[in-house]
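Residue numbers for the sequence shown follow UniProt numbering, so the first one is 1 and each next one is one higher. In this text, a Cβ means the ideal position worked out from N, Cα and C, and glycines have one as well. Written out below as structure tokens is the structure these notes cover.
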Amino acid sequence: MKITISVSKLLGEARRGGEMERVVILVGTETGTAEDVAGEMAEALEGAGVGVEVVDMEDVGPGVFGGGRAVIVCTATHGDGELPENSVGLYEQLVEERPDLGGVAFAVCGLGDSAYPDFCAAGRIWSRTLGELGAEEVIRRYEIDGWPEEEDVEGAREWAGRAVERFRELVRGRG
């Protein structure tokens with residue numbers, strides 16, 4: 001799972017004494033498992049007073065990383081270390097257009113199975129690509145091995161809360 005936020009928008013909110021208004025959780029999934037985990041993270045963040053929108057990656061373009069929104073990427077790994085089909089379009093647009101994501105901070109949650117050699121490869125691909133485009137990863141990637149058990153889901157919920165706190169710290173530090 002990943003959180004991305006435009007620092008310039010947050011800085012404006014911080015100067016006005018505001019907090020992040022909304023987190024967008026982008027979901028890359030084949031079977032719906034990553035969507036389930038994203039929903040759990042959204043519920044936890046909403047319970048903490050953070051506005052959240054869960055969005056399928058195939059429904060957005062590269063502009064989702066701008067505009068001052070925080071973005072969490074929650075993605076499963078498909079097949080032999082591949083991105084889920086619904087995330088390929090967004091990924092290819094980013095690679096082709098190579099937008100400057102300087103000023104963007106992010107975090108990634110990856111799902112995979114360590115029985116396969118490319119465990120959580122999709123999460124690593126997103127981390128690497130966003131970093132290469134100038135974005136800053138603000139918290140270590142959270143990885144879930146196999147079918148998510150309750151402790152994995154609870155860990156994802158807590159991780160998402162820590163990621164949001166890192167964004168808030170960033171806003172306060174630069175305000």
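Whole-Å CB distance - residue i paired with residue j, under 8 angstroms assumed
i	j	result
A163	E136	Contact flag wrong, Cβ pair sits at about 12 angstroms.
V73	L133	Contact doesn't hold; Cβ gap of about 13 angstroms is too wide.
Beta-carbon proximity check, residue i vs residue j, cutoff 9 angstroms
i	j	result
I125	L83	yes
V77	C109	The identity of residue 77 in the sequence shown is Thr, whereas the question assumes Val. No, the Cβ-Cβ distance between T77 and C109 is not below 9 angstroms.
A70	V37	no
L111	I144	yes
T33	W159	no
A44	E53	no
E40	A156	yes
T75	G123	yes
A115	Y142	no
G81	D118	yes
V88	T129	no
L90	V50	no
P62	E97	yes
Residue(s) in a DSSP beta bridge with residue i
i	result
L130	DSSP, once it has assigned bridges, lists no residue as partnering L130.
D145	G112
R22	G51
residue 210	In the structure as shown, the chain begins at 1 and stops at 175. Residue 210 is therefore absent and cannot be evaluated.
E82	H78
Opening and closing residue of the beta strand (DSSP E) in which residue i lies
i	result
D56	G51 to D56
D36	No beta strand (DSSP E) contains D36, which is instead part of the alpha helix (DSSP H) from T33 to G47.
V71	A70 to A76
Range of the contiguous alpha helix (DSSP H) that encloses residue i
i	result
V95	E85 to E97
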